[in-house]
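Going by this note's numbering, the sequence shown opens with residue 396, and the numbers climb by one from there.
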Amino acid sequence: MVEALLFASAEPLSVEELRERLPSRADVPGALSELQRFYRTRGVNLLRVADKWAFRTAEDLSFLMHRNRSEQRKLSRAALETLAIIAYHQPVTRAEIEEIRGVSTSKGTLDVLLETGWVRMRGRRRTPGRPVTYGTTGAFLEQFGLETVKDLPGLEELKGAGLLDSAIPADFFVPMPEDSADLREEEDPLEEGMLFDPADYDDHSGFDPESEG
Numbered sequence: 396m397v398e399a400l401l402f403a404s405a406e407p408l409s410v411e412e413l414r415e416r417l418p419s420r421a422d423v424p425g426a427l428s429e430l431q432r433f434y435r436t437r438g439v440n441l442l443r444v445a446d447k448w449a450f451r452t453a454e455d456l457s458f459l460m461h462r463n464r465s466e467q468r469k470l471s472r473a474a475l476e477t478l479a480i481i482a483y484h485q486p487v488t489r490a491e492i493e494e495i496r497g498v499s500t501s502k503g504t505l506d507v508l509l510e511t512g513w514v515r516m517r518g519r520r521r522t523p524g525r526p527v528t529y530g531t532t533g534a535f536l537e538q539f540g541l542e543t544v545k546d547l548p549g550l551e552e553l554k555g556a557g558l559l560d561s562a563i564p565a566d567f568f569v570p571m572p573e574d575s576a577d578l579r580e581e582e583d584p585l586e587e588g589m590l591f592d593p594a595d596y597d598d599h600s601g602f603d604p605e606s607e608g
């Protein structure tokens with residue numbers, strides 16, 4: 396029954412959600428482990444993403460699905476850089492993103508990431524101006540096949556994949572990402588019903604549209 400529920404669901408299901416739909420004596424974790432082993436060498440695999448379970452096309456066959464996918468909006472380089480910074484440094488403010496990138500980050504870049512559902516506004520930093528803090532979502536984990544953000548590649552993995560220059564400075568480091576839903580001590584909750592950062596509509600001093608490349 397666990398197998399049928401997972402195949403029938405359009406969204407990944409948690410252990411708790413599966414238990415709610417099964418007899419009380421059902422061994423859900425045991426069934427998931429058995430299914431994961433059974434499908435390991437098949438065309439679909441049972442994966443744990445964002446603390447939930449779902450069937451996904453096996454990685455070595457994913458190219459076959461490209462022709463059936465609707466064309467998705469491509470993210471700009473600025474958006475990809477911003478997404479990576481949020482993923483590794485969350486909770487992070489817009490000013491902190493700009494400090495890491497070394498260039499201004501436009502409201503449009505953050506809007507695009509919010510629209511994807513991969514990024515969310517977490518809270519407000521307890522500093523002057525009370526800037527909004529940003530973090531990733533469960534949809535981000537699902538999109539990139541991660542169980543938690545701690546599964547993001549570390550320094551050596553990034554080097555091995557050719558995403559970092561092997562001659563980077565000795566003091567360069569890749570932070571251990573953390574995406575706890577709980578606000579940190581330095582964060583306050585967002586105002587109820589808040590859907591955007593009001594600061595984005597103020598004059599953003601120093602903003603250069605040409606820097607958003």
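Each residue gets a CB set at the ideal place from its N, CA and C atoms; glycine is no exception.
Tyr539 (DSSP reduced to helix, strand or coil):
By one-based count along the sequence shown, residue 539 stands at place 144. What sits at residue 539 in the sequence shown is Phe, not Tyr. Three-state result, Phe539: coil.
Near Ile391, what residues of its chain come up, given a Cβ to Cβ distance below 8 angstroms and the 5 sequence neighbours on each side ignored?
With the chain covering 396 to 608 only, the question about residue 391 has no answer from this structure.
Considering only residues of the same chain and omitting the five flanking positions on each side of Arg525, which have a CB-CB separation below 6 angstroms?
For this step, residue 525 is matched to residue 130 along the sequence shown. Here the set comprises Arg519.
Around the Cβ of Lys469, are there at least 16 other Cβ atoms within 10 angstroms (buried) or fewer (exposed)?
The count along the sequence shown starts at 1 and reaches residue 469 at position 74. Label assigned to Lys469: exposed.
Over the uninterrupted alpha helix (DSSP H) stretch that includes Thr436, give me the two end residues.
Indexing the sequence shown from 1 puts residue 436 at position 41. Element bounds for Thr436: n/a, residue is neither H nor E.
Out of Thr511, Leu478, Asp506, point me to the one whose CA is closest to Arg496's CA.
Working through the sequence shown from its first residue, we reach residue 496 at position 101. Residue Leu478 is the option with its Cα nearest to Arg496.
Judging by CA-CA distance, which residue of Tyr483, Asn440, Glu587 is the nearest neighbour of Pro336?
The displayed coordinates of the chain run from 396 to 608. Any statement about residue 336 would go beyond what the structure contains.
Compare the Cα-Cα distances from Arg521 to each of Phe402, Arg443, Arg579 and report the closest residue.
Counted from its first residue, the sequence shown places residue 521 at position 126. Nearest of Phe402, Arg443, Arg579 to Arg521, Cα basis: Arg579.
Take the Cβ of Lys447 as the centre, count every other Cβ of all protein chains shown within 10 Å, and call the residue buried at 16 or more, exposed below.
Here residue 447 refers to the residue found at position 52 of the sequence shown. Buried, by the Cβ-count rule.
Do Val444 and Ala426 have their C-beta atoms within less than 8 angstroms of each other?
Looking up residue 444 in the sequence shown gives position 49. Looking up residue 426 in the sequence shown gives position 31. No, Cβ-Cβ distance for Val444 and Ala426 is not below 8 angstroms.
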